[in-house]
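Heads up: the sequence lines are chains A, B and C, in that order.
My numbering applies: residue 446 is where the first sequence begins, and numbers increase by one.
My numbering applies: residue 5 is where the second sequence begins, and numbers increase by one.
My numbering applies: residue 985 is where the third sequence begins, and numbers increase by one.
Step one of this worksheet: look at the structure below.
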Amino acid sequence: MTWALPHLLIVPVILPLLSAVIMLLIGSERGRSKSIVNVLATLAGLLVALEILRRVDGSGGSGVIGVYLAANWEAPFGIVLVADRLAALMLVLTGVVSLGAALYSMAGWGRAGVYFHPLFQIQLMGLNGAFLTGDLFNLFVFFEVALAASYGLQLHGSGPTRVRSGLHYLAINLLASSLFLVGLAMIYGVMGTLSMADVAAKLPHVVEADRGLLHAGVAILAVAFLTKAAMWPLNSWLVPAYLSASAPVAALFALMTKLGIYTLLRLWTLLFSADAGPSAHFGGPLFLYGGLATIGFGVLGLMATLKLGRIAGFSIIVSSGTLLAALGFGAVSVTSAALYYLLSSTLAASALFLLVELVERTRNGEPEPLREVDLEPGEDTNLDDDEAPLVGRAIPVSLALLGVAFIACALLVAGLPPLSGFIAKFSIMAAIVSPPGYGAPSVPTSIAWGLFGLLLLSGLVATIGMSRAGIRHFWTEADQPPQIKVAEAVPVLALIIVCVWLTAQAEQVMRYTHATARSLHAPTAYIDAVLSTRPIPGPTRPNIDGGGAP
Amino acid sequence: MEALLALVIGVLGGAGVWLVLRPRTFQVILGLALLSYAVNLFIFSMGSLVIDQPPIVKPGVAPTLDQYTDPMPQALVLTAIVIGFATTALFLVLLLASRGLTGTDHVDGKEPS
Amino acid sequence: MSLIVLLLLPFLGSLVTALLPTRARNMLASWAGLVSAGAAAWVISLFPHVRDGGVIREEISWIPSLGLDLVLRVDGFAWMFAGLVTVLGALVSLYSRYYMSPEDPVARFYASFLAFMGAMLGVVLSGNLIQLVLFWELTSLFSFLLIGYWYHREDARRGARMALTITGAGGLALLGGVILLGQIVGSYDLETVLASGDLIRTDPRYPAALVLILLGVFTKSAQFPFHFWLPRAMAAPTPVSAYLHSATMVKAGVFLLARLWPALSGTDLWFWLVGGVGVTTLLIGAYVAMFQNDLKGLLAYSTISHLGLITLLFGLNSPLAAVAGVFHIMNHATFKASLFMAAGIVDHETGTRDIRRLNGLLRAMPITGTLALVASAAMAGVPLLNGFLSKEMFFAETVFLKSRPWIEIGLPAAATLAGIFAVVYSLRFGYDIFFGPPSTDLPREPEEPPRWMRIPVDLLVFACLVVGIIPSMSIGPFLAEAARPVVGGVLPAYSLAVWHGFNAPFIMSLVAVAGGIVGYLILRRYQERGLLLATPLVSRLNSKRMFERTLAWFARLSNKTLRVVGTDRLQPQMFVIIAVALLLGFLASQTVPLVWGDRARLPTSPAFVLLWVTGIVCAIGAAAQAKFHRLVALTLLGGVGLVTCLTFIWFSAPDLALTQLAVEVVTTILFLLGLRWLPMRLETALPRLTWRDRGRRTRDLLLAIGTGSGLAALSYAMLTRPATQSISPFFLSRSLPEGGGANVVNVILVDFRAFDTLGEISVLSAVALTVFALLRRFRPPEESIGETSQQQALHAETDTDLVSPRVARDAGRGYLMVPMVIARMLMPVAVIVAVHLLLRGHNAPGGGFVAGLAIAIAFLIQYLVAGTHWVELRTKLRPARWISLGLLYAAATGLGAVVIGYPFLTTHTPHFTLPLVGEVHIPSATFFDLGVFGVVVGATLLILTALAHQSTRAHRRRTSPPDTSESRGAA
C-alpha cells in the first residue's frame, strides 16, 4: 500500500520522545512553559492519530493496513510498526484521554514533583509504541517504557500511601515482566521468530511435539497480560495504585489496563484465530470465566465502598472483566460491541478520576460506615416535624456544574441511558444472546446468560454505589463551594462531551468497530500486509529481495 | 551440560521465587535480582549451547547457525539486562523511600499485627 | 410541525430554566407553565389524527444496525397519556408557583420538573422498545432529583435513593426483558412486536422475557412487594407527589402493561402473575391506607391500591377489562391529583399533615374543603362521580369472569372488600379533617389559599363531576380512541351509562359504601380509645425495612467477601500471580505431553560443574541469608552474578559477559549505598515461629520448588529439542555487508532492532528521572541519621587519619591517600577504555552501553574515594543534561535517515579514505551508539549521585534544616 506521508506511523512514538527531551532541556524551574509544551505535544499526537485513523479506515469500508519498517529491515527480521483499524482506534483513544489529563495537569499539577511532564510524554511514547508495534519483543520493550514512566507518575508527589502502593505496583509489574520474558523466549525458541505476523503464519504448521511447549509459553505470557489487564485474582494491586495516584495520572492509567486488554485482543485474534489449526481458540474459556469472575469482584467492590476514588477503580475492574468475557466469545458481533464499550468505559473512567479529585474537595473526613447509610431512620420521619414551610438549599454554580458532570459520569459508568454507556451495554447484551451463527456457537448458552445477568447486576450495583456516593458529596451542606480552575473543569466536560458524541454518532462508530472486529477475526490480511512489505533499496541494501521471507 | 544449565535455571528461579514471597523489602529485591538472572539464562538457553563460536563474523566462515551461535537471544538478553538493571535500581530506591516514610522495611509499609 | 420538536420542547424548557435566576419564581413558574401548556395544546390538537385508530409516526435514524432508531408514534392510547402528562404538567406548575415558599431556589425544581415531563412524554410516545427503556430510566433519574429536592432532610435523601434503586433496578430488568423480546421477534419496533403476539407467546423464552418486563412494570407502578418506595417518596414537595406519584410516573408501569397487552397477554402465566400481584396490591394498599395518619401517606397507599386495581384489570385477559383499566387510569389521575393538591393546600395553610391534629377545617376553608370532599367521594366510588363508573366496570369484570370456581367467588369478594377499605380511607381523609370541632393547636391559622392556587383543583374536580354525570358525552369518544389500540384495534361492546340497572356490580357498590361507613365508625371509635393507631397485622411484614436491611447486609457481606477474595498485602498477590502462572503453564504444556528432544548433548565439563556448584551454593545462601545478614547475601548475589557472567563467556557470548560484569559492579555499589538506610535486624531478637508461619513458609517453599522445577523442565525441553527454523542466519549473513559491522549482536542492537534499543534507553531515562524525583523527597529514618558506631567512637577534632568521609572536604587523605592517587590516575585510562569500547563495539564485543557504564564507574570511584564534596567542587556533572542530549542524539540519528528519504533509524555506512589511515567506513549506527552511551552515563550517574547525596544530606540534617542540597546531582 502507499502512504502519502510515508513516515506518519513513526510520529506517535518519536513525537513524545522529542518533546520529553525538549522539556528536559528547558530545565527544572520553568514549569509553566513545560506544561504548555506538554499540552501542545499531546494535542499534536491526537491530530496525528486522527489522521492515521482516517487513512487506515480507507475509502469505502475497505480498510488499509499501514506497515512501517523501522530501520528499513523487512519483517520478520526487522521491527515493523503496523497500523490497522484496532491500532488506530487505540491511538486516538490514547490521544483523547491523554489530552484531557495534560490539560488538567496545567492547573499546577506538575508542581507536585519534578519531571512530571517528561514522564508523561514517555508514558505516551510507550503506549503508542505498544499499540503500533508488530514485534513481540518490541512489544515488551514498549510495555516497559510505559511502565517505567508510569512508576514515576504513580509516585508523583510522593507521600507514604503513594510509596507503599507504588512499591506493590512496581514489585508486581516486575514479576509480570519476568513472566513476559519467559513466555516470549519460549515462543522464540519454538517458532524461531518474533514478528507477530510471522508467528501467526507459521503457527498452524508447528511440529506437533512442540505445540505443548508453545502453549506453555503462550499461557505464561497470558498471565503477564492478564495481570496488567486486571483479571481477578491478579488485580488486587489496581485499586490502591490508582487511588493513590494524582488525578491526571489516574486518568491516564485508565489506559494502562486497556493496554493489557488490547494486547490480548491483538495476539489472540491473530495467533489463535479460527484457522490456527489445532491451536484455534486456545485460551478462550479462560478469558470467559476469568472475565465473569472479574465482573463479580468489581461488583463486590462497588457495593462495599462509599469512596468515590475506589468506586472509580472498581468500575475499571468491572469494565476489564466485561471486555475479557467479551473477548472470550471470539465472535465478530461481540468483539465489535466490546470495542465500542472499551471506548466509552475508558473515557468515562478517566473523566470520573479527574472528577473525583474536584468533588473530594467539597467534602473532607472519612465516609460514615455503610451500615448506617443503609439502615432506616426512625419511623414517621415522613411527617414533616419542623412545621415551618420547607425551603430548599441553593446549590452554588460550581457545585451544580460538578453535579451535572457527576451524573453524566454515573450514567456512563453504570451503563444507564441515555449516554454511550447504555448503548455499549445494550449492544453487548444483544450480541451475546443473539442466535448462534451470528453470535458465538463456541460458548455454552448458560455462560452467555450468566454474563447477561452479571451485566445487568453490575449496572444496578454501580447505580447504588454512585447514588450513595453522590448523595454523600452533593446533598450535604457543602462547607465551602469548591474552588475549581478552568483548566480542571474543561477536560472533564470535554471527555463527557466526547461520550455524548459517541452516543450521537453511535452508528458511524459501530460501523468502524464492526469493520475492526471483522478484520481482527480474519487476520490473513494483516499477516500478508506485514510479510509482503519490502524495504526501500539503498546503498547498504543492494539486493532488496534480500534472502526473502522464510 | 544442558541438564546442568536447566538445573541452574531452576535453582535460581526457585530461590528467586522464595525470596520474592518474603515480607522484607530487601529480601524481595534480592529475589527479583535472582529471578532476572534465571530469566536471562532462560532466554539465553533458547539459543542452544554452543562453545567457541561467538556471533562475530569472521571472513571465510559460512554465516550459518552451524558456524556461529544464535545471536538473537543474546541481543534480547542484553536488552533484558539493561531494563532489569534500571528497574532493580528503581526498586532499591523505592524501598529506601518506603523505609524512610513508613519507618519499616516491611513490604506493606507496616509491621504485621 | 414535527413530533420531535414536541418531545424536545420540555427539555429545552428545562435548559432555559436552569439558566434563569434561581429565585425568580414568577418568571420560572410562568415559563414552566407556558412550556407545558403549549405542549398540552399541541398534543390536544393532534386528536383528529388519531381518531378511528389513526396513527402518527415519525422515524429518526439513530443506530439502525442495532435496530435502535428514534421512533415517535402517537396512537389513541399514547395520545391520551401525552394529554394527561402535559395538561397535568401545566396545572401543577401553576399550583407549585403558590406552593413553594418565596425563598425557595425553585429554578432547580422547575428544571427537573420540565425534564421529567419530557422524559415521560418520551416514554409514552416511543415507537421503539429500547427507546422506551431509555426514557423510562430517565424518568427514574429525574424523579430521584425531584424527590431529593429538599435534600437537607434525611427522609428526602432516603426516599430519593430508595425510589432510584427500586425503579432503576426495575428498569434494568425491563431492558433485559425487552432485549429478549427483540430477539424473539427480530425487531424492537413496537408495531412489529404488537403484531407478532402469537410468535412471542409460543417462544420458549417468553416466560423469561415476561418476568423481566413485569419486574420493570411492578417496580415502577409500586406493585406489591415493591410498593414501599412510593410512601417514602412522599418526602418530595407535594406538587411532585401530585404529578409523579399519582398521575404520571407511577402510571408508566400500567402504561407499559396496556401497551404490550396485545403482545404479551392471554396466557395463564400472565393471568396469574399480573392478576395475582394486582389483587394483592389492591387489598394491601387499601388496607394499609386506612391506618395512615399522614395525609400524603394515606393518599400514597390509596394510590398503590388503585394501581393494583388497574394492574388486576389488565391481568384478567379480557378486552372489556382492559378498557376499564384504561378508563380508570384517566379517572384516578384526575381525582388523585386534585386530592394531592388539596392535601398540599391544607399542609400549606395549617402547617401540618397529621390527620389526628386536623379537624373541622371546613369552616376555615369551605371551598377547598368542598372540592376535597368531592374528590375523595370520587376516590371512594360514589355515584355521579367518575371513580364510580370505572369501579362499576371493575366489579362487573370480577363478577362475569369465567375461571376456576374459587376465583369466581374470591375475586368479587376481594373487590368488594377493597371497595369497603376505599370508602373507609376516603372518609378518614374527607370527614376527619373537614368536620368536627375545629382544631385549635395548629401551627398556622388556616384560611382559604390564594385563588390561583386553587384553580387547578377546581378544574380537576369539575372534570370528575362532568365525567361522572355525562360520561358518554364527555369522555366517551376519547376513551374509545384510547382503548382501541390497547385491545388490538377492535373495541368490545360497553356502555358508559351511569345507571345499568339494579345488578350485581351495583349491589357490590352499595355493600362497599355501607360497609365502609360502618367500618369507618368502628375504626374511629377504636382510635379515639387510642387503639389501632398503627397498622395491625401487616406492620410486622415491612418490606421497606426488609429492603434496607438487605441493602445493608449486602454491603457488609461484600465487604467481608472482598477481604477474602482480594487483599491489600503484597505477599498474597505475588503468591497468586506465580501460582496462576505455574498452573496455567503446566496445564497448557499438557496439550501435548512434554518430551525431551534428542539433540546431541554437549559433553559435561567438570570445571563448569564446579563453577555452578559454587553458583548454586551462592544462590541458596543468598536466599537464606537475605533476612539477617544483608551484606553476606549481597556478596553471595554478586557471586551468582559472576558465575552467570562466566557462563556467558563459556557459551560464546562475550558481549553479554561484558555487560553483565559492568552491570554487576554498578548494581552492587548501588546496593551498598542503600544498605546503610535499612533497619538493623538481629537474629537474637527473633520471635518464636508460630505454626501459621511454618505453614506459610512450607507453602512458599513448595511453590518455589514447583516454579523452579517448571522452569528447569521447560528450559531442558527447549535445550534438547532439535533446532527448527530461525530467522538468525539472515542476521549472520547481512551483518557485515549491509549492517557494516562484524559483531552481529551489536549490529542487531543498533541496526536490525535499533528500535528496541531506543525504547530501552527511554526506559533507562524514565527510571533515572523517577529515582531522582523520589529521592528529592527522601526522608531518612531517624535512627539511621546518626554516624555509625565506629565513627561516633572518636572525637570529631581528633587528628587521626580515620576521618569521617562525610564531614571531610577531601576524604582522599590518610588511609585513603593511596587509593585516591590510583583512582585519579585511573580516570583518563577509564575514558580511553570507554572510547575504545564504544568505537570497536560494532565489530568486536563492546558498544555504547558498556562504554557508558565504564565511564560511570570511573566517576563513581572518584565519589567513593574522594567524597561527594571533592568531586562536585571540581567537576560539574549534569546527568539530566547527559540523558536528554543522549536521547536527542539517538533520535536525531534515526531522523537523519528520514531526512534523506529512508525509514526511521535506517543506517548508512559511508566509505571514505583518509590520508595515512587508509580506507575507513563509519556506520551511522556508531552515532546512534553514542546516544546510547550518553543516556547510560547520565542515567547511571543520576541514580548513584542522587543516592550518594542522601548521606551528606542526612548528616547535615542534624545541624541545619534538610533539603539544602536539593537537585545537586542534576541540572
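Think of the CB as a built atom: it goes at the ideal place given N, C-alpha and C, for glycine as much as any other residue.
As the structure is a computational prediction, the values presented were derived from the model and not from experiment.
Using a threshold of 8 angstroms, state whether the C-beta atoms of residue i and residue j are closer than that.
| i | j | result |
| --- | --- | --- |
| residue 13 of chain B | residue 49 of chain B | yes |
| residue 1408 of chain C | residue 1500 of chain C | yes |
| residue 557 of chain A | residue 601 of chain A | yes |
| residue 1402 of chain C | residue 1266 of chain C | yes |
| residue 41 of chain B | residue 16 of chain B | yes |
| residue 773 of chain A | residue 736 of chain A | yes |
| residue 796 of chain A | residue 937 of chain A | yes |
| residue 933 of chain A | residue 549 of chain A | yes |
| residue 1374 of chain C | residue 1308 of chain C | yes |
| residue 1503 of chain C | residue 1404 of chain C | yes |
Answer with buried or exposed for residue i, where buried requires no fewer than 16 other C-beta atoms within 10 angstroms of its C-beta.
| i | result |
| --- | --- |
| residue 566 of chain A | buried |
| residue 696 of chain A | buried |
| residue 1833 of chain C | buried |
| residue 1927 of chain C | buried |
| residue 445 of chain A | Since the first residue shown for chain A is 446 and the last is 995, residue 445 of chain A is missing from the structure and cannot be characterised. |
| residue 1829 of chain C | buried |
| residue 1486 of chain C | exposed |
| residue 111 of chain B | buried |
| residue 1386 of chain C | exposed |
May I ask you to list the residues that DSSP assigns as paired with residue i?
| i | result |
| --- | --- |
| residue 578 of chain A | A:526 |
| residue 514 of chain A | A:525 |
| residue 640 of chain A | A:580 |
| residue 1278 of chain C | C:1338 |
| residue 1173 of chain C | C:1112 |
| residue 1727 of chain C | B:60 |
| residue 110 of chain B | B:28 |
What are the start and end residues of the alpha helix (DSSP H) that includes residue i?
| i | result |
| --- | --- |
| residue 653 of chain A | 653-673 |
| residue 1865 of chain C | 1863-1883 |
| residue 1026 of chain C | 1009-1029 |
| residue 1412 of chain C | It is not in any alpha helix (DSSP H) - residue 1412 of chain C carries neither H nor E in the DSSP assignment. |
| residue 1678 of chain C | 1675-1704 |
| residue 1190 of chain C | 1190-1204 |
| residue 60 of chain B | Unbroken run through residue 60 of chain B: none, as it is neither H nor E. |
| residue 1613 of chain C | First-last for residue 1613 of chain C: undefined, no H or E at that position. |
| residue 1856 of chain C | 1852-1858 |
| residue 1208 of chain C | Note, residue 1208 of chain C: premise wrong, no alpha helix (DSSP H); not H, not E. |
Taking the continuous beta strand (DSSP E) assigned at residue i, which residues delimit it?
| i | result |
| --- | --- |
| residue 1054 of chain C | 1052-1058 |
| residue 1042 of chain C | 1040-1047 |
Handout entry: Contacting positions in the stretch 54-82 of chain B - beta carbon closer than 7 angstroms to chain E
Key = Of the chains in the structure shown, none is chain E; the protein chains are A, B and C.
Handout entry: Ranges of the beta strand (DSSP E) found wholly within the stretch 1430-1518 of chain C, counting only runs of at least 3
Key = The stretch 1430-1518 of chain C contains no whole beta strand (DSSP E) run of 3 or more residues.
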